[in-house]
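Visitor: Pasting a structure here, questions to come.
There are 2 protein chains.
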Amino acid sequence: MGFWNLKELKLNEFRPGIFSKIESGANLTMAVMVIDSNKEGSPHNHPFDQCGIVLEGEIEMTVGEGKKLLAIMETYFIPAGTPHNWKTLALSAKILDVVAKQSV
Amino acid sequence: MGFWNLKELKLNEFRPGIFSKIESGANLTMAVMVIDSNKEGSPHNHPFDQCGIVLEGEIEMTVGEGKKLLAIMETYFIPAGTPHNWKTLALSAKILDVVAKQSV
Chain P
1 MGFWNLKELK LNEFRPGIFS KIESGANLTM AVMVIDSNKE GSPHNHPFDQ
51 CGIVLEGEIE MTVGEGKKLL AIMETYFIPA GTPHNWKTLA LSAKILDVVA
101 KQSV
Chain S
1001 MGFWNLKELK LNEFRPGIFS KIESGANLTM AVMVIDSNKE GSPHNHPFDQ
1051 CGIVLEGEIE MTVGEGKKLL AIMETYFIPA GTPHNWKTLA LSAKILDVVA
1101 KQSV
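Line by line, the protein sequences are chains P and S. Under the numbering used here, think of the first position of the first sequence as 1, with each following residue one higher. Under the numbering used here, think of the first position of the second sequence as 1001, with each following residue one higher.
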């Protein structure tokens, strides 16, 4: 809780090839994720915003009609309700991802 | 909107010595900020979570009873309602900061 040093933070494998650690408060969830190369999500959307930044490697993000291979120091912003997906190619990716928690 | 490359993103000076660009959706506001050295905020709190990561330089973050000089690849998470403040010392800081938007 509070402060993380991502250079030494231990992550947990929560799906095969996807390692993460999350911190969650009243209305935000922050996640550090390391995703192996050649992994892919499935298109989905949710009624809350999501955003993040690539810290290492590369990840292809599809947001609505836009698709971009993001590298280090590139960010994404996914407005609430917008269909999106992610895919890693030859490189793994380390990202910091933040979502608004769904209102109860 | 969508994707930013922070290596070439143009920021605007919104207070003396503080440069930023923000993107805001239904329930998140993401901001890239560059803060000159030797700047300091004022202690405050708000009823929504805030989090972020240091991308360049250093910034001292005070969150509740905790205080830490954060460097590159270090993150902070400020739970809703927790008093906090920030301060730059000899170095400037570039951060990515995300807040939940206050519910109406």
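The beta carbon of each residue, even a glycine, is placed where N, CA and C say it ideally should be.
1. So, P/K58 versus P/L69, is the Cβ gap smaller than 8 Å?
2. P/K68 touches chain S at which residues, Cβ-Cβ below 9 Å?
3. With 8 Å as the threshold, decide whether the Cβ of S/V1034 is near any Cβ in chain B.
4. What runs of the beta strand (DSSP E), each 3 residues or longer, lie entirely inside the segment 1004-1034 of chain S?
5. What does S/P1043 touch in chain P if you count any residue whose Cβ is under 8 Å from its own?
6. Any beta-carbon of chain S closer than 8 Å to the one on P/F19?
7. Per DSSP, P/T82 forms a beta bridge with which residues?
8. Got a sec: which bits of the segment 1064-1090 of chain S sit with their beta carbon under 7 Å from any beta carbon on chain P, in order along the chain?
9. Please list, in chain order, all residues of the same chain as S/G956 whose beta carbon is under 8 Å from its beta carbon, the five residues on each side excluded.
10. Within a Cβ cutoff of 6 Å, which residues of the same chain sit near S/L1091, ignoring the five residues on either side of it in sequence?
11. Cutting at 6 Å between CB atoms, please list the residues of its own chain near P/A31, excluding the five before and the five after it.
12. Give the interface partners of S/E1060 over in chain P, defined as CB-CB distance under 9 Å, in chain order.
13. For P/K94, which of helix, strand or coil comes out of DSSP?
14. Any idea which residues DSSP pairs P/T75 with across the strands?
Guide: A quick look at the data gives this:
1. Sequence check: residue 58 of chain P is Glu here, not Lys. The answer is yes: Cβ separation under 8 Å.
2. G1002 and F1003
3. No chain B appears in this structure, whose protein chains are P and S.
4. 1012-1015 and 1018-1024
5. Ordered by position in chain P, no residue passes the 8 Å Cβ test against S/P1043, which lies about 16 Å from the chain.
6. P/F19 is outside the set of residues whose beta carbon lies under 8 Å from a beta carbon in chain S.
7. None; P/T82 has no bridge partner.
8. G1066, K1068, L1070, M1073, E1074, T1075, Y1076, F1077, P1079 and A1080
9. There is no way to answer for residue 956 of chain S, as the model of chain S reaches only from 1001 to 1104.
10. S1037, G1057 and E1058
11. S20, I22 and D97
12. Correct list: empty, because the minimum Cβ distance to chain P is about 11 Å.
13. Three-state DSSP puts P/K94 in a strand.
14. P/I53 and S/W1004
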